[in-house]
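Peer 1: Just so you know, we're using my numbering here: the sequence shown kicks off at 11 and counts up by one.
Note that the Cβ used here is the ideal one computed from N, Cα and C, for glycine as well.
Note that the structure is predicted; figures quoted are calculated from it, not measured.
I have a structure I would like to understand better, so I am pasting it below and will then ask my questions one at a time.
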Amino acid sequence: MMNGLVVLRVLSGFLAMFAVPSFLCALWAFQNDRYEQASLFILVVTLAIVVGLMLAVATHHKRDEDAHARDVVGFLIFAWLTLSVLGAIPFLDVSNGQVTLALFEAVSCATTTGTSLLQDDTILPASLVAWRIILHIVGAILSVSGVVIVVNAVGTSLPGLGASIPVRFNRTFSRSSFFKIFLSLAGLTSVLCFVIAMPVKLDGASWREAFGLSVSAVTTGAVFDLNSVDFSFSWLSEYALILGLILGSLNIVLLINFMKRPFSLLMNPETVSLFILILLLSGLLSFSLGGVFDPGQIVGVAVSVISTSGLLISDEAFSMTPAPVLLFFGFMGGAAISATGGMKIYRMLVLLDRSGDEFTHLAQPHAVSHADQTRRGYPIRFVITVWTYLIAFAVICIILAALLALLGADFSDAVMTSLGTITNSAALFPTDWVQSAANQSLLEFVLSVTMVLGRLELLLLFSLLLGE
11 MMNGLVVLRV LSGFLAMFAV PSFLCALWAF QNDRYEQASL FILVVTLAIV VGLMLAVATH
71 HKRDEDAHAR DVVGFLIFAW LTLSVLGAIP FLDVSNGQVT LALFEAVSCA TTTGTSLLQD
131 DTILPASLVA WRIILHIVGA ILSVSGVVIV VNAVGTSLPG LGASIPVRFN RTFSRSSFFK
191 IFLSLAGLTS VLCFVIAMPV KLDGASWREA FGLSVSAVTT GAVFDLNSVD FSFSWLSEYA
251 LILGLILGSL NIVLLINFMK RPFSLLMNPE TVSLFILILL LSGLLSFSLG GVFDPGQIVG
311 VAVSVISTSG LLISDEAFSM TPAPVLLFFG FMGGAAISAT GGMKIYRMLV LLDRSGDEFT
371 HLAQPHAVSH ADQTRRGYPI RFVITVWTYL IAFAVICIIL AALLALLGAD FSDAVMTSLG
431 TITNSAALFP TDWVQSAANQ SLLEFVLSVT MVLGRLELLL LFSLLLGE
C-alpha cells in the first residue's frame, strides 16, 4: 500500500525547488518588458510555494519513513501531473488562451517528447524558450531519478542491475534523499549539456541556441526546431549533437559508473544494441537519402529516430524516409531503448532468453522440463511483467490509433501518432493533421495523457515487479 504522507512530503520539496527556476523566468520576462508573460510565471511561483508549504506543514511529522518502489512511482505520478499543470500556465500567453494546447506543450516538454502544436509563425519570447529548456531538464531528471531511487531501494535484488548501483544513498525515500539524488543527477545533466553546447557555440550559435540544442540532445527531446536556428550548421555541431543523443539514450547507471568501470559501458547489452540499431538504420537510410545527404547527416537522422528526439531530421529527410522504416526503428528506440535513461532493452533480452522455454511450455504444458544449473534464472514475477508490458503496449497503441482514426486521422497518421505519443518520440509524430482537426482540443488532451503514460510505463513496471 502506498505511503501517501511520505509521497506528499517529498512533493512539497519538489514544488519548493521548482519555484526557483520559475522565479528566474519571471525576472527574465520582466526585464524584456513581457509583463503578461511575467505575471503567468509569478502565478506558477505563487502556486508552487503555497501548495508546497501546505504539504510541508501537513506532513511535518513524516520526516523519515521507510518507503518502497511503489511510493517512488506514486511520487512521480503526482510530480508529472503537477509539472504538467504548472508548466502549462506560461504557455497560455502564446496559445491564445487554449488550455488544452498549453497543456500539450507543457507535457510534451516535461516528457521530453519535444513536439509542438503551436503555429509555425509563433515567436516564443526568450523567457518561454528558457521555460521549455527547464521543463525538458526537470522531466528528464525526474525520469532518471525515479529509476535510481528504485535501484537504491532494492539493492542488487533487481534482475540485470546487480553490481550497477550508481551511488549509495539512504534506503529511506524521504525529501532529503530525493534532493540528494535529484541534485546529483542535475549536476551530471548540466555538465553533459555544457560539454555538448561548447562545439555548437564555437560554430557560431548564440548561447540560447547552443544550450537549447544541447539540452534537446541530452534529454532526447526538442526544445525548438533545428530549422529555427540562425547560424551556419556545420559538421562540428552535427557530431556534437549526435554524441549528445547517444549519451542521452544510454543507461544512466552505466554513465555514472563510467569513471569506475569504463569498459562496462561498451560491454553492456543496451549499449551494443543501440549501436547495432544505429548502424542498421544508417545502412537502410543510405539507399533512400544517399544521393541528397552526406554520411554524417544520415547517421544524424538514424540517431534522431532511435533516440526518439527527431532533432536532426529535416522536413526533406522525413519525407524521403519510408514510413515502415520510421515506424519499426522508432518503435524499437522508444519501446526498447530510449526512455528513462535506458534500461529497457534488458526486458527484450529476457524474452529472447526465455522464448524457447515459453513456447515449449505452451506446446506441452504438463511436460517435465530439463533443469540447467548453468543457465541464469529469472523470477517468474519479472517474466510475467515483461509480457504484461509488451501486451499492454500493443493494446494501448491499437486503441489509441483507432481513437485517432475516429477523430479524423488517416491510417498512416493514426498509427504514427499513436506510436509517437506512447514512445515519446517526436520523430514519429506528424503534427499537421492535429492542427487542422475538427476536435483539436480533445485530441490535445488525449495525446497529453498518452505522453505521460508513455513516460511512466517503465516505472510502473518496476512497481509491479517489486511490490509486496
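Using a Cβ-Cβ cut-off of 6 Å (strictly less than) and excluding sequence neighbours within five positions of residue 291, which residues of its own chain qualify?
Peer 2: Locating residue 291 in the sequence shown gives position 281, where the first residue counts as 1. Excluding positions up to five away in sequence, the list reads 312 and 339.
Peer 1: Count the other CB atoms within 10 Å of the CB of residue 305; is the residue buried (16 or more) or exposed (fewer)?
Peer 2: Here residue 305 refers to the residue found at position 295 when the sequence shown is read from its first residue. With fewer than 16 other Cβ atoms within 10 Å, it is exposed.
Peer 1: Enumerated in chain order, which unbroken segments of the alpha helix (DSSP H) with a length of 4 residues or greater are wholly contained in the region 213-244?
Peer 2: Qualifying alpha helix (DSSP H) stretches, in chain order: 217-228.
Peer 1: Count the other CB atoms, across all protein chains shown, that sit within 10 Å of the CB of residue 273; report buried if there are 16 or more and exposed otherwise.
Peer 2: Start at 1 with the first residue of the sequence shown, and residue 273 comes out as number 263. Exposed, since its Cβ has fewer than 16 Cβ neighbours within 10 Å.
Peer 1: Helix or strand or just coil, what does DSSP make of residue 303?
Peer 2: Translated into the one-based positions of the sequence shown, residue 303 becomes position 293. In the structure shown, residue 303 sits in coil (DSSP, three-state: anything other than H, G, I, E or B).
Peer 1: For residue 44, which of helix, strand or coil comes out of DSSP?
Peer 2: One-based indexing of the sequence shown puts residue 44 at position 34. Note: residue 44 maps to coil in three-state DSSP.
Peer 1: Using the beta-carbon count (16 or more within 10 Å), is residue 146 buried or exposed?
Peer 2: Taking the sequence shown and counting its residues from 1, one reaches residue 146 at position 136. Buried, by the Cβ-count rule.
Peer 1: Please classify residue 465: does DSSP put it in a helix, a strand, or coil?
Peer 2: As a working mapping, residue 465 is identified with position 455 in the sequence shown. Here residue 465 sits in helix by DSSP.
Peer 1: Tell me the rounded alpha-carbon separation between residue 286 and residue 144.
Peer 2: Taking the sequence shown and counting its residues from 1, the one referred to as residue 286 is at position 276. Taking the sequence shown and counting its residues from 1, the one referred to as residue 144 is at position 134. Each residue's alpha carbon lies about 32 Å from the other.
Peer 1: Under a Cβ-count criterion, where at least 16 other Cβ atoms within 10 Å of its own Cβ denotes burial, should residue 229 be classed as buried or exposed?
Peer 2: Position 219 of the sequence shown holds residue 229. Under this definition residue 229 is a buried residue.
Peer 1: Apart from the five residues on each side of it in sequence, which residues of its chain come closer than 7 Å, Cβ to Cβ, to residue 420?
Peer 2: As a working mapping, residue 420 is identified with position 410 in the sequence shown. Within the same chain, residue 420 has no close Cβ partners at all.
Peer 1: At which residues does the alpha helix (DSSP H) containing residue 335 begin and terminate?
Peer 2: What you label residue 335 is simply residue 325 of the sequence shown in a count that begins at 1. Where residue 335 is concerned, the enclosing alpha helix (DSSP H) stretches over 333-342.
Peer 1: Just curious, the alpha helix (DSSP H) that residue 109 is in, first and last residue?
Peer 2: Locating residue 109 in the sequence shown gives position 99, where the first residue counts as 1. That run of the alpha helix (DSSP H) goes 109-120.
Peer 1: From residue 32 to residue 112, what distance separates their C-alpha atoms?
Peer 2: Taking the sequence shown and counting its residues from 1, the one referred to as residue 32 is at position 22. Taking the sequence shown and counting its residues from 1, the one referred to as residue 112 is at position 102. Roughly 16 Å between the two C-alpha positions.
Peer 1: Do you know how far the Cα of residue 94 is from the Cα of residue 455?
Peer 2: To locate residue 455, count along the sequence shown from 1; it is residue 445. To locate residue 94, count along the sequence shown from 1; it is residue 84. Approximately 12 Å between the Cα atoms of the pair.
Peer 1: Report, in whole angstroms, the separation of the C-beta atoms of residue 251 and residue 289, which I expect to be a contact under 8 Å.
Peer 2: Start at 1 with the first residue of the sequence shown, and residue 251 comes out as number 241. Start at 1 with the first residue of the sequence shown, and residue 289 comes out as number 279. Rounded, the Cβ-Cβ distance is 19 Å, inconsistent with contact.
Peer 1: Between the C-alpha atoms of residue 324 and residue 227, what's the straight-line distance to the nearest angstrom?
Peer 2: Indexing the sequence shown from 1 puts residue 324 at position 314. Indexing the sequence shown from 1 puts residue 227 at position 217. Cα to Cα, residue 324 sits roughly 15 Å from residue 227.
Peer 1: How would you call residue 156, buried or exposed, if buried means at least 16 neighbouring beta carbons within 10 angstroms?
Peer 2: As a working note, residue 156 is residue 146 in the sequence shown. Label assigned to residue 156: buried.
Peer 1: Tell me the DSSP secondary structure of residue 33 in three-state form.
Peer 2: Position 23 of the sequence shown, counted from the first residue, corresponds to residue 33. Residue 33: helix per DSSP, three-state reduction.
Peer 1: Within 10 angstroms of its Cβ, does residue 332 collect 16 or more other Cβ (buried), or is it exposed?
Peer 2: Numbered from its first residue, the sequence shown carries residue 332 at position 322. Looking at its Cβ environment, which holds fewer than 16 other Cβ atoms inside 10 Å, residue 332 is exposed.
Peer 1: Mapping the DSSP letters down to three states, classify residue 100 as helix, strand or coil.
Peer 2: Position 90 of the sequence shown, counting from 1, holds the residue named residue 100. Helix, per DSSP.
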